[in-house]
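Put into structure tokens, the structure is as follows:
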């Protein structure tokens, strides 16, 4: 498989946030995918920009 930003997003779409029960890509937590040869890096944010930092029970 060729390493592309899309293939990385597809793989990361299988990783779910344990609290929100939705994948990190759908939540908009993955940005700045950079690929150089066989290496890649990306930035992730702990919270979606529209999310509240407070939790309710």
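In the working numbering, the protein residues as written are 163 to 219.
Glycine is no exception: its CB is placed at the ideal position from the N, C-alpha and C atoms.
Bear in mind that the values here come from a model prediction, so they are computed numbers and not experimental data.
- For residue 206, the enclosing beta strand (DSSP E) begins and ends at 201-206.
- Boundaries for residue 190: no beta strand (DSSP E) harbours it, and the DSSP string shows neither H nor E there.
- For residue 169, the enclosing alpha helix (DSSP H) stretches over residues 167-174.
- One Cα belongs to residue 197, the other to residue 166, and the distance between them is close to 7 angstroms.
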